[in-house]
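K.L.:
Using UniProt numbering, the letters of the sequence shown map in sequence onto residues 1 to 113.
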Amino acid sequence: MYNGYISLQEAVAVGRSFATVKGYNMDRNKEMIAMEVMNIAGSITSCYVATGSFSRTAVNFFAGCQTAVSNVVMAITVLLMLQFLTGLLYYTLVAILSLIILYICACARTCVC
Numbered sequence: 001m002y003n004g005y006i007s008l009q010e011a012v013a014v015g016r017s018f019a020t021v022k023g024y025n026m027d028r029n030k031e032m033i034a035m036e037v038m039n040i041a042g043s044i045t046s047c048y049v050a051t052g053s054f055s056r057t058a059v060n061f062f063a064g065c066q067t068a069v070s071n072v073v074m075a076i077t078v079l080l081m082l083q084f085l086t087g088l089l090y091y092t093l094v095a096i097l098s099l100i101i102l103y104i105c106a107c108a109r110t111c112v113c
């Protein structure tokens with residue numbers, strides 16, 4: 001329940017901030033209805049909570065995208081990267097976790113408690 005509320009607040013905040021920058025009006029009621037319909041449909045199919053992507057919106061805005069085709073291009077790019085480059089990223093999580101553990105150990109030796 002709280003995840004849905006937080007995602008709704010995030011979507012409204014992102015929409016409001018970009019609406020003021022672009023100079024158009026945003027209907028918060030329509031935004032809320034759209035998010036909640038997607039969350040209800042997602043809960044029926046055991047999906048994660050739907051939320052607006054602030055980073056994707058910012059990338060589209062600063063890249064100068066004007067239509068929703070940019071989202072389709074971005075989705076296809078992500079799918080291709082997942083299909084062909086996942087093998088290269090297989091050990092990344094292990095390496096990052098190892099680095100964090102080594103960093104904590106190094107800090108523990110040098111820190112004065």
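Think of the CB as a built atom: it goes at the ideal place given N, C-alpha and C, for glycine as much as any other residue. This structure is a prediction, so every number in the text was calculated from the model and none was measured.
Use the C-beta contact count for Val-11: other C-beta atoms within 10 angstroms, 16 or more gives buried, fewer gives exposed.
P.N.:
Taking the sequence shown and counting its residues from 1, the one referred to as residue 11 is at position 11. It is worth fixing the name first, because residue 11 is Ala in this sequence and not Val. Answer is buried; the Cβ neighbour count reaches 16.
K.L.:
Helix or strand or just coil, what does DSSP make of Tyr-48?
P.N.:
Here residue 48 corresponds to residue number 48 of the sequence shown, with the count starting at 1. Looking at Tyr-48 - three-state DSSP - the assignment turns out to be coil, as it is neither helix nor strand.
K.L.:
Within the chosen definition, does the stretch 50-69 reach the stretch 14-26 through at least 3 CB pairs nearer than 8 Å?
P.N.:
Yes: the two stretches touch, three or more of their Cβ pairs being nearer than 8 Å.
K.L.:
Asn-60 and Ser-46 - do their beta-carbons sit closer together than 9 Å?
P.N.:
Taking the sequence shown and counting its residues from 1, one reaches residue 46 at position 46. Taking the sequence shown and counting its residues from 1, one reaches residue 60 at position 60. Cβ distance not < 9 Å, so Ser-46 and Asn-60 don't count as in contact.
K.L.:
My parser needs the alpha helix (DSSP H) runs of 4 or more residues fully inside the stretch 64-97; what are they?
P.N.:
With a minimum length of 4 residues, the continuous alpha helix (DSSP H) runs that stay inside the stretch 64-97 are 69-85.
K.L.:
Given residue 114, which residues of its chain have a CB within under 7 Å of its CB, disregarding the five upstream and five downstream residues?
P.N.:
As displayed, the chain neither begins before 1 nor continues past 113, which places residue 114 out of reach and without an answer.
K.L.:
Between Met-35 and Leu-79, how many whole angstroms is the CB-CB distance? I'm expecting something under 8 Å.
P.N.:
Here residue 35 corresponds to residue number 35 of the sequence shown, with the count starting at 1. Here residue 79 corresponds to residue number 79 of the sequence shown, with the count starting at 1. Not confirmed; about 24 Å, so no contact.
K.L.:
Distance check for Cys-107 and Val-73, CA to CA, integer angstroms please.
P.N.:
Within the sequence shown, residue 73 is the residue found at index 73, counting from 1. Within the sequence shown, residue 107 is the residue found at index 107, counting from 1. C-alpha separation (whole angstroms): 44 Å.
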